[in-house]
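Visitor: Okay, handing you the structure first.
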Amino acid sequence: MTGRLPTTRPVASASQENHGDQVTTPRARTVARRSVFWIGVAVVAILVVAATMLLTRGGASSGIELDPANPAPTGAKATAEVLRDQGVDVILPGSYGEAMREAKRQGTTLAVFDPSGYLTDERLFDLVSTADSTVILAPTFAQLRVVAPDVFAAGVSDEPGALDADCDLPAAERAQTISPGATFRVNSETDAITCFPADTDGFAVVQLPEQNGTLTLVGPSELVSNESVILHGNAAFALGLLGETGRLVWYLPSIADVEASGPPDVAQLTPNWLVPTTSLLALTALVAMFWRGRRFGPLVAENLPVTVPAGETLEGRARLYQRISARTRAIDALRIGAVGRLGRVLGLSRHATVYEVADACASALGRPRDEIRGVLVDILPQSERDVVSISDALANLERDTAAAVDPRPPSRPS
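Just so we're aligned: 26 in UniProt numbering is position 26 of the sequence shown, and the numbers increase by one with no gaps anywhere.
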C-alpha cells in the first residue's frame with residue numbers, strides 16, 4: 001500500500017498549554033529546508049570522495065559492478081567511503097559462510113547484489129531470514145519468487161526525470177527523489193511500503209515487514225554506483241537506507257559461492273524427450289517390418305553361384321532405366337559399347353577418346369564430323385522415341401563404318 005506523508009504531530013509548549021491548549025505544526029517550508037540541508041551534506045560528501053578517488057586512482061580495483069572497493073563508474077566505492085566516514089562499519093564478506101556469520105549479529109543491515117543468480121533459493125532465503133534489515137538491489141524474477149512472492153517485476157521506467165518519494169519511508173523522505181529504473185508491482189493485500197511510483201504503474205522501492213526486521217527491494221541498483229550516486233537524491237537515499245544501522249554487510253556473491261555437487265548421472269544428462277521418442281521410433285520400425293515384410297513373400301534358399309542369362313540381365317537393366325526415366329544413362333550405355341566397337345573396326349587404340357573415334361568415322365564415311373559427333377556424344381534424348389532413334393543411328397553407324405573399312409561382302413560358308 002502506498003504510504004502518504006504523515007501529518008506532523010502537534011507540539012505544544014508550556015506557554016501554549018496555559019493559553020487555551022493551542023498547538024502549532026512545522027511549516028512545509030521548514031521541513032523542506034531541513035531535507036535540502038541533509039541532501040546537500042550527502043552530495044558534498046559524495047563529491048569529495050569521488051574527487052579523491054579520481055586523484056588517487058592508480059591503485060588496483062576489482063572491476064566488479066557495485067563493488068565497494070571498485071572506484072570505476074560502475075563501482076560503489078564512493079557510497080561505501082561516505083558510510084564509513086559517517087561511522088558505519090562496512091563489512092565486505094568474501095563468501096556465503098562469512099556473510100551468514102556477519103549477518104547474524106544484531107544491529108546489522110545486509111545488502112545483497114546478485115544479478116547472476118549465484119545463490120540458490122535456499123541460501124538467499126536463509127540470508128534474508130537472518131539479518132535484521134536486508135536490502136536486495138535489482139532482484140531477479142527468481143529472487144522475487146523466493147523472498148517476496150507477492151511482489152512482481154513491473155518493467156523499467158522510461159520517465160526522463162527523477163521519481164518522487166510519495167511515501168513515509170525515512171530514507172525516501174530524506175532523499176525526496178531518485179533516478180528512475182526497474183520497478184515492482186505489489187499485491188494489493190500485501191502490507192508493504194511502496195515508494196517512488198513510476199509510469200509503469202509500479203514502484204522503484206518496496207519495503208516488506210519480516211519476522212526479524214524488514215526487507216527492502218530496490219529496483220534501480222545503479223543509484224548507489226559512483227557515476228549515479230550524485231544525481232537527484234540518490235546519495236541521501238543510499239546513505240539513509242544502507243546506513244540505517246551502525247553495521248552494514250555488503251555482500252556480492254560470486255561463482256565461488258555456487259554449491260559444488262558430484263558429476264551428473266546418465267538420467268540427469270538424458271533429455272526428457274529422448275526415451276519416449278526412441279520408444280516411438282522402435283515401435284514404428286517394428287510395424288514397418290511386419291507391413292513391408294509380408295509383401296516380399298517367404299525367403300527362398302538358392303545355391304550359389306547362380307547363372308543369370310545375359311539377355312535377362314540386359315532386359316532387367318533396360319526395364320529399370322525405363323522405370324526411372326533414365327534415358328541419358330541408357331543411351332550412354334549404348335554409346336559406350338558402340339564407341340568401343342568402332343575403335344576396334346577403325347584400328348584405333350583402346351585409349352582413343354570418343355571425339356577421336358567420331359573424327360575417324362567421319363573421315364572413313366566422308367560425312368560431316370558434327371553429324372557423327374551428334375550420334376556418338378552431343379544429341380540428348382528427350383523421350384523414349386529419341387532413345388530408339390539414337391539407338392538405330394548407332395547401329396547404322398557401326399554397319400556403315402564396317403562396310404567402309406572392309407567393302408568386301410562377307411564370305412558364305414561352302
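Virtual Cβ for every residue (Gly too), placed ideally from N, Cα, C.
Just so we're clear, the structure is a prediction, and the values are computed from it rather than from any experiment.
Scan the segment 145 to 207 and note each continuous beta strand (DSSP E) run of 3 residues or more that stays entirely inside, going in chain order.
Guide: Runs of the beta strand (DSSP E) inside the segment 145 to 207: 151 to 156, 182 to 186 and 193 to 197.
Visitor: When the Cα of E210 is compared with those of L281, D126, E259 and G233, which residue comes out closest?
Guide: Minimum Cα distance to E210 is reached at D126.
Visitor: Confirm, please, whether the CB-CB distance from A333 to G343 is below 8 Å.
Guide: No, they are not a contact pair.
Visitor: Looking only at C-alpha atoms, which of L252, R185 and T190 sits nearest to D199?
Guide: The option with the nearest alpha carbon to D199 is R185.
Visitor: Can you tell me the Cα-Cα spacing of Q207 and E81, whole angstroms?
Guide: Each residue's alpha carbon lies about 25 Å from the other.
Visitor: Do L241 and V135 have their beta-carbon atoms positioned less than 8 Å apart in this structure?
Guide: Going by C-beta atoms, V135 is nearer than 8 Å to L241.
Visitor: For V205, which residues of its own chain have a beta-carbon under 6 Å away from its beta-carbon, when the five flanking residues on both sides are left out?
Guide: Around V205: C195, F196 and V218.
Visitor: Hey, could you find the ends of the alpha helix (DSSP H) G392 is sitting in?
Guide: Note on residue identity: the sequence assigns Asp, not Gly, to residue 392. It spans E384 to V405 - the alpha helix (DSSP H) in which D392 sits, taken as one unbroken run.
Visitor: Note down the Cα distance separating T120 from V258, rounded to an integer number of angstroms.
Guide: So the two alpha carbons sit approximately 8 Å from each other.
Visitor: Would the beta-carbon of I175 fall within 8 Å of that of G233?
Guide: Per the sequence presented here, residue 175 reads as Ala, with Ile not at that position. It is a contact, given that the beta carbons lie within the stated cut-off.
Visitor: Give me the Cα-Cα distance between T401 and S363, rounded to the nearest whole angstrom.
Guide: Roughly 10 Å separates the two Cα atoms.
Visitor: Rank F152, A395 and A238 by C-alpha distance to the C-alpha of A76 and give the top, closest one.
Guide: Checking every option, the nearest Cα to that of A76 belongs to A238.
Visitor: So what does DSSP say about D89, is it helix, strand or coil?
Guide: Strand at D89.
Visitor: Return the CA-CA distance between F113 and A99, expressed in angstroms with no decimal places.
Guide: Rounded to whole angstroms, F113 to A99 spans 13 Å at the Cα level.
Visitor: Since S363 is in the beta strand (DSSP E), which residue starts that stretch and which ends it?
Guide: No beta strand (DSSP E) contains S363, which is instead part of the alpha helix (DSSP H) from V354 to L365.
Visitor: What's the gap between the Cα of G213 and the Cα of V128?
Guide: Those two C-alpha atoms are separated by around 9 Å.
Visitor: Count the other C-beta atoms from every protein chain shown that fall within 10 angstroms of the C-beta of S179, then say buried if there are 16 or more, exposed otherwise.
Guide: Classification of S179: buried, given that the 10 Å Cβ count is 16 or more.
Visitor: Quick one: grab the DSSP three-state call for L280.
Guide: Correct three-state label for L280: helix.
Visitor: Grab me the residues of L394's own chain with a C-beta within less than 7 Å of its C-beta, minus the 5 sequence neighbours each way, in chain order.
Guide: Cβ within range, chain order: L334, R335, A338 and V375.
Visitor: Can you check whether the CB of G181 is closer than 8 Å to the CB of A142?
Guide: Not in contact: A142 and G181 (Cβ atoms no closer than 8 Å).
Visitor: Once DSSP output is grouped into helix, strand and coil, what is the label at V306?
Guide: Coil, per DSSP.
Visitor: Identify, in the order they occur along the chain, each residue of the same chain with its Cβ nearer than 8 Å to the Cβ of T164, setting aside the five sequence neighbours on each side.
Guide: In the sequence on display, residue 164 carries Asp and not Thr. Here the set comprises Q176, T177, F196 and P197.
Visitor: Taking the C-alpha atoms as reference points, what is the distance between C167 and T108?
Guide: Their Cα atoms are separated by approximately 24 Å.
Visitor: Which of helix, strand or coil does DSSP assign to residue 421?
Guide: This structure leaves residue 421 out entirely; the chain is present only between 1 and 414.
Visitor: State the DSSP-derived secondary structure class of V128, mapped to helix, strand or coil.
Guide: Reduced to three states, the DSSP call for V128 is helix.
Visitor: With distances taken from CA atoms, which of G347, G246 and P139 is nearest S221?
Guide: The shortest Cα separation from S221 among G347, G246 and P139 belongs to P139.
Visitor: Out of curiosity, what's the CA-to-CA distance linking A404 and V306?
Guide: A404 and V306: Cα-Cα distance of roughly 42 Å.
Visitor: Given a cut-off of 8 Å on the beta-carbon distance, is the pair A358 and V345 in contact?
Guide: Against a cut-off of 8 Å, the Cβ pair of V345 and A358 comes out as no contact.
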